[in-house]
Amino acid sequence: MTSIDSKDIRKIVVACDAGMGSSVMLASQLRKQLKDSGVAVEHTPVNDIPADADVVLCHAGLAARARAAAPGKALVPFQIFLGDPAVTRLVTTIRNGGVVDA
Amino acid sequence: MRDGLLDPRAVLLHESASGRDEAIRRCGRALADVGAVAEPYIEAMLERERTISTYAGEGFAIPHGTAAARQDVLRDAICVVRFPEGVDWDGERVTVCVGIAAAGDGHVPLLAALADVLLDPARARTLREATEVNHVIEELT
Chain X
1475 MTSIDSKDIR KIVVACDAGM GSSVMLASQL RKQLKDSGVA VEHTPVNDIP
1525 ADADVVLCHA GLAARARAAA PGKALVPFQI FLGDPAVTRL VTTIRNGGVV
1575 DA
Chain Y
248 MRDGLLDPRA VLLHESASGR DEAIRRCGRA LADVGAVAEP YIEAMLERER
298 TISTYAGEGF AIPHGTAAAR QDVLRDAICV VRFPEGVDWD GERVTVCVGI
348 AAAGDGHVPL LAALADVLLD PARARTLREA TEVNHVIEEL T
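One line per chain: the protein sequences are X and Y, in this order.
For the numbering used here, add 1474 to where a residue sits in the first sequence, where the first one is 1.
For the numbering used here, add 247 to where a residue sits in the second sequence, where the first one is 1.
If you want it as structure tokens, here you go:
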């Protein structure tokens, strides 16, 4: 479990297996939802998560690989690419302030 | 939007497939036919699908290859393959496959447009029911 205060979040990385499909769609939506927050959103393959990521979002089925590839990062797993409640909670926390426990 | 990303010849609106794998092969074939991928990419799309479903909601799936198969991508491209009778996709019913071949980020604007469509049930339905190639291209570009 890693906690991070929303005001310390500068970069969110959406990771998926290849970094060319679902992560792209989710990252595009997040970018739009967070465009006034100053938080950068990137999409990458799960084995290529950048060191400066503050929060990593990935499909629950890839969570173990993401944890191994980016140890110590706050990790938010999701089940569905668009409209997942875990992603909605993250956006709400960033907008309103609070702590992300993941 | 980059020229040639969504080639009208890769928009196939009246296809049928007996199941998920056949539908994915049809997408891979469409991408190969417009010169976007080399042959091995098609098997990589099947391999990728077996790890985690690319079902994206609203009757759409977005099959694509693995990270290792990027070497078989000749250029960024998208195909849209519609199965009016639907395809069983691990328990979901898929009507439209948006197949992806991407070595870079050329396809990102199109997938962003697709995400907008999928989050709007009325637009998603319009795209699911589209029977004209130019309507599909207009909706996604």
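Backbone N, C-alpha and C define an ideal beta-carbon position, used for all residues, glycine too.
Span of the beta strand (DSSP E) around residue i
i               : result
L1549 (chain X) : A1548 to F1552
V1515 (chain X) : A1514 to P1519
P331 (chain Y)  : A324 to W336
Minimum Cβ-Cβ distance from residue i to chain Y less than 7 angstroms
i               : result
L1556 (chain X) : yes
V1498 (chain X) : yes
A1538 (chain X) : no
A1492 (chain X) : yes
S1502 (chain X) : yes
P1519 (chain X) : yes
G1495 (chain X) : yes
G1535 (chain X) : yes
T1566 (chain X) : no
Boundaries (first-last residue) of the alpha helix (DSSP H) holding residue i
i               : result
T298 (chain Y)  : P287 to T298
L1564 (chain X) : P1559 to N1570
V281 (chain Y)  : Careful: V281 (chain Y) lies outside any alpha helix (DSSP H) and carries neither H nor E.
D254 (chain Y)  : Counting along the chain, D254 (chain Y) falls outside any alpha helix (DSSP H), and DSSP gives it neither H nor E.
A359 (chain Y)  : V355 to L365
I1523 (chain X) : It is not in any alpha helix (DSSP H) - I1523 (chain X) carries neither H nor E in the DSSP assignment.
According to DSSP, residues forming a beta bridge with residue i
i               : result
S1477 (chain X) : X:D1575
F307 (chain Y)  : Y:G304 and Y:V343
C1532 (chain X) : X:A1489 and X:P1551
V320 (chain Y)  : Y:V284
A348 (chain Y)  : Y:A324
Closest residue to residue i among the options (Cα-Cα distance)
i               : options                               : result
D1528 (chain X) : X:A1514, X:S1496, X:A1560 and X:A1537 : X:A1514
E269 (chain Y)  : Y:G333, Y:A285 and Y:V364             : Y:G333
R1539 (chain X) : X:D1526, X:S1511 and X:N1521          : X:N1521
D337 (chain Y)  : Y:R322, Y:L253, Y:L365 and Y:Y302     : Y:Y302
I299 (chain Y)  : X:I1478, X:Q1553 and X:V1498          : X:Q1553
E305 (chain Y)  : Y:V341, Y:V383, Y:G275 and Y:A350     : Y:V341
Neighbour flag for residue i against chain X, beta carbons, 7 angstroms
i              : result
L366 (chain Y) : yes
T313 (chain Y) : yes
V355 (chain Y) : yes
L253 (chain Y) : no
A371 (chain Y) : no
R375 (chain Y) : no
A285 (chain Y) : no
P304 (chain Y) : The sequence shown places Gly at residue 304 (chain Y), not Pro. So, interface residue.
T298 (chain Y) : yes
I309 (chain Y) : yes
L358 (chain Y) : yes
I289 (chain Y) : no
I325 (chain Y) : no
Proximity test, residue i beta-carbon vs the ligand FAD heavy atom, cut-off 6 angstroms
i              : result
V380 (chain Y) : Among the ligands in the structure shown, none appear at all, so the ligand FAD cannot be discussed.
* When the Cβ atoms of the stretch 312 to 319 of chain Y are set against those of the stretch 1479 to 1496 of chain X, are three or more pairs found closer than 8 angstroms? -> yes
* **Cβ contact check for the stretch 1500 to 1508 of chain X and the stretch 258 to 267 of chain Y: 3 or more pairs under 8 angstroms** => no
* Are the stretch 350 to 363 of chain Y and the stretch 280 to 294 of chain Y in contact at 8 angstroms, needing three or more beta carbon pairs? -> no
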